[in-house]
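A.B. asks: Respectively, the protein sequence lines represent chains A and B. Under the working numbering, the first residue of the first sequence carries the number 1, and numbering increases by one thereafter. Under the working numbering, the first residue of the second sequence carries the number 1001, and numbering increases by one thereafter. Backbone N, C-alpha and C fix where the C-beta goes; we use that ideal spot for every residue, glycine too. This is the structure I have questions about; it appears just below.
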Amino acid sequence: MRGLLDLWTYAAVCAGLFFFIAGTVGILRLPDTLTRLHALTKADNLGVGLVVLGLLPQTADALAALKLVAIWAMVLLSSATVSQLIGRAARAEEPPR
Amino acid sequence: MALVLDAGMALCLLALALFALTARASYSAVAGFVAYGLLVALAWVRLAAADVALTEAAIGSGLTGALLLGAAARLRASESTTVAWPSAARRAAAALLSTLVALGLAAVVLWLPQPAPTLAHEAAAGLPSTGLGNPVTGVLMAFRGVDTFLEKVVLVLAMVGVWSLAADERWGGRPGLRHEADPNGVLAFFARLVIPLGLVIGLYVFWVGADHPGGAFAGGTVVASMWLLAMMTRLADTPPIERRALRLALVVGPALFLLVGLAGLAFGGGFLAYPEAYAKPIILAIEVAMTLTVAVTMALLLAGPPLRSADGQ
């Protein structure tokens, strides 16, 4: 059981890291603000989400697990809000081609 | 593995510091500085200094970053895109001076006596008499209380400095320009969700400071940022600075600290000597007052000098 849970942790954290790397490459390579935001929010939402899901079996008690999930929820909320705001500002500055 | 992590973090820190120093536009420099501050906070966590990490994240990165962003926004119009390089001799002198300082710091760190001189054992031994569980709070509030007290006085002086930039006819008015925000927009929705959470987190950080990492400074800054969010989304306007309650909140922390200190002179061993039986409640009272002062001061420092009259015009 322990080994299976550890395996799950490795798999999920690695998948999360993949999304972070993909998001970073996206920020560096994509052409304009809106597409870069797309890459950034994927990294935030899926990357952090998968890392949190992977770490859940490693927590000592339910409270620690709840804290991890709360962190994920806060990241989701703030990244969604910030990308909305940046997206609007970007659209006002550079009209869509 | 841990070594790889630490080395990678140190390299990232150096790279970000270099980026913040060499960035052309001040906006990019500030962005680099904020990222640098967050990474420094992580470095403090790696060094098992969670109290310093909290303060660095809240004040060093968050609040200072916001202040610098405001400054960068003001400077953007007048900022020249071409940088005038100083003469070769001055650059050489600056490089020499920086190298000397770096060498001196390295020498000091590398040639520390083993074991390094420390008062940690005395502080830990004296901790039970304060009724606190977090040695950092013990040092800040009891053993080196004078430093903390003077720190708060500096906050008040900084506030006076910011306010003294006000034009005469605006004195007593509301700080900053009126924010233009859609009351039904994304940011207002975010603020409605986050402010209650943030207030709870800020008060929690203050409250656990007695026994765990946290305390008045970090907690007060979180509360201040929630107030700023309310100001930015126009859920609450900035208060006119002539308001008496506001002025009282600004000085209550250092004032109570000073009173306790003088009482220590009168009844006990000296300035800021707490009677041992009441040490914990006294420290708690000072912390409550200081959290209020820190929250109000930090928010108003960021709001800036009064630019509008008291009725909001």
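Assuming B:R1308 is part of the beta strand (DSSP E), what are its boundary residues?
C.D. replies: Element bounds for B:R1308: 1306 to 1308.
A.B. asks: Kindly list the residues whose CB is nearer than 6 angstroms to the CB of A:G16, restricted to its own chain and excluding five residues on each side of it in sequence; keep chain order.
C.D. replies: Excluding positions up to five away in sequence, the list reads G47, L50, V51.
A.B. asks: Given that a residue counts as buried once 16 or more other Cβ atoms are within 10 Å of its Cβ, and exposed if not, what is B:W1044?
C.D. replies: It is buried - the Cβ of B:W1044 has at least 16 other Cβ atoms within 10 Å.
A.B. asks: Compare the beta carbon distance of A:Q113 and B:V1186 with 7 angstroms and say whether it is the shorter of the two.
C.D. replies: The question about residue 113 of chain A has no answer here: the residues shown for chain A are numbered 1 through 97.
A.B. asks: Using a cut-off of 9 angstroms between C-beta atoms, extract the partners of A:Q58 located in chain B.
C.D. replies: Going along chain B, no residue has its Cβ under 9 angstroms from A:Q58, so there is no contact; the nearest lies around 16 angstroms.
A.B. asks: Below 8 angstroms, can you find three or more Cβ-Cβ pairs linking the segment 1159 to 1179 of chain B to the segment 23 to 42 of chain A?
C.D. replies: They do not touch, by the three-pair rule.
A.B. asks: DSSP puts B:R1174 in a beta bridge; with which residues?
C.D. replies: DSSP lists B:R1308 as partners of B:R1174.
A.B. asks: In whole angstroms, what is the alpha-carbon distance linking B:R1024 and B:W1111?
C.D. replies: Approximately 38 angstroms between the Cα atoms of the pair.
A.B. asks: Below 8 angstroms on the Cβ atoms is my guess for B:A1263 versus B:L1292; work out the distance and round it to an integer in Å.
C.D. replies: No, B:A1263 and B:L1292 are not in contact; Cβ-Cβ is about 20 angstroms, not under 8 angstroms.
A.B. asks: Determine which residues of the segment 1011 to 1029 of chain B have a Cβ less than 9 angstroms from any Cβ of chain A, and write them out in chain order.
C.D. replies: Residues passing the 9 angstroms Cβ filter: none.
A.B. asks: Return the residues of the segment 77 to 93 of chain A that lie within a Cβ-Cβ distance of less than 7 angstroms from chain C, sorted by chain order.
C.D. replies: The question asks about chain C, but that chain is absent: this structure's protein chains are A and B.
A.B. asks: Under the three-state reduction of DSSP, which class applies to B:S1028: helix, strand or coil?
C.D. replies: Three-state result, B:S1028: helix.
A.B. asks: Checking contacts by CB at 7 angstroms: is B:V1222 closer than that to chain A?
C.D. replies: No, its Cβ sits nowhere closer than 7 angstroms to a Cβ of chain A.
A.B. asks: Cβ closer than 7 angstroms: which chain A residues qualify as neighbours of B:V1186?
C.D. replies: Under the 7 angstroms cutoff, chain A gives T81, Q84, L85.
A.B. asks: So does the segment 56 to 65 of chain A actually touch the segment 1 to 9 of chain A, counting three or more Cβ pairs closer than 8 angstroms?
C.D. replies: Judged by Cβ distances under 8 angstroms, the segment 56 to 65 of chain A makes contact with the segment 1 to 9 of chain A, as three or more pairs qualify.
A.B. asks: Can you tell which of B:R1076, B:L1150, B:L1039 has the C-alpha that lies nearest to the C-alpha of B:G980?
C.D. replies: There is simply no residue 980 of chain B to check, as chain B begins at 1001 and stops at 1313 in what is shown.
A.B. asks: Could you compute how far the alpha carbon of B:D1182 sits from the alpha carbon of B:A1188?
C.D. replies: If I take the Cα positions, the gap works out to 7 angstroms.
A.B. asks: Could you check whether the Cβ of B:F1257 sits closer than 7 angstroms to any Cβ belonging to chain A?
C.D. replies: No, no contact with chain A.
A.B. asks: Excluding sequence positions up to five away, which residues of its chain have a Cβ less than 6 angstroms from the Cβ of B:A1041?
C.D. replies: Excluding sequence neighbours, B:A1041 sits near A1053, E1056, A1057.
A.B. asks: Report the residue from B:A1089, B:A1029, B:A1218 whose alpha carbon sits nearest the alpha carbon of B:G1198.
C.D. replies: Per the Cα distances, B:A1218.
A.B. asks: Can you list the residues of chain A that B:L1193 reaches, using a CB-CB cut of under 7 angstroms?
C.D. replies: Those within 7 angstroms of B:L1193 in chain A are L77.
A.B. asks: Determine the burial state of B:W1227: buried for a count of at least 16 other Cβ atoms within 10 Å of its Cβ, exposed for fewer.
C.D. replies: Buried is the call here.
A.B. asks: So, are the CB atoms of B:V1030 and B:A1072 less than 7 angstroms apart?
C.D. replies: Contact: yes.
A.B. asks: Using a 10 Å radius around the Cβ and a threshold of 16 neighbouring Cβ atoms, would you call B:V1136 buried or exposed?
C.D. replies: Label assigned to B:V1136: buried.
A.B. asks: If the cut is a Cβ gap below 8 angstroms, which residues of chain A does B:F1190 touch?
C.D. replies: L77, S78, T81, listed in chain order.
A.B. asks: Measure the alpha-carbon distance for B:F1190 versus A:S78 and round it to whole angstroms.
C.D. replies: Going from the Cα of B:F1190 to the Cα of A:S78 covers about 8 angstroms.
A.B. asks: Taking only the alpha-carbon atoms, compute the straight-line gap between B:L1203 and B:G1220 and give it to the nearest angstrom.
C.D. replies: Their backbone Cα atoms lie some 8 angstroms apart in a straight line.
A.B. asks: When you compare only the Cα positions, how much space is there between B:G1261 and A:L28?
C.D. replies: About 56 angstroms.
A.B. asks: Look at the alpha carbon of B:M1141 and the alpha carbon of B:A1123, and state the distance between them as a whole number of angstroms.
C.D. replies: Near 12 angstroms, if we compare the C-alpha coordinates of B:A1123 and B:M1141.
A.B. asks: Is it the case that the Cβ atoms of B:L1097 and B:L1177 are separated by a distance below 7 angstroms?
C.D. replies: Not in contact: B:L1097 and B:L1177 (Cβ atoms no closer than 7 angstroms).
A.B. asks: For B:S1087 and B:A1095, I'd like the C-alpha separation in whole angstroms.
C.D. replies: Answer to the nearest angstrom: the Cα atoms are 12 angstroms apart.
A.B. asks: Confirm, please, whether the CB-CB distance from B:E1287 to B:A1224 is below 7 angstroms.
C.D. replies: No, the Cβ-Cβ distance between B:A1224 and B:E1287 is not below 7 angstroms.
A.B. asks: Looking only at C-alpha atoms, which of B:V1153, B:P1239, B:M1009, B:N1134 sits nearest to B:G1172?
C.D. replies: Closest by alpha carbon: B:P1239.
A.B. asks: Take A:V75 and list the residues in its own chain whose beta-carbon comes closer than 8 angstroms to its own, dropping the five residues that flank it on each side.
C.D. replies: So the qualifying residues of the chain are D44, N45, V48.
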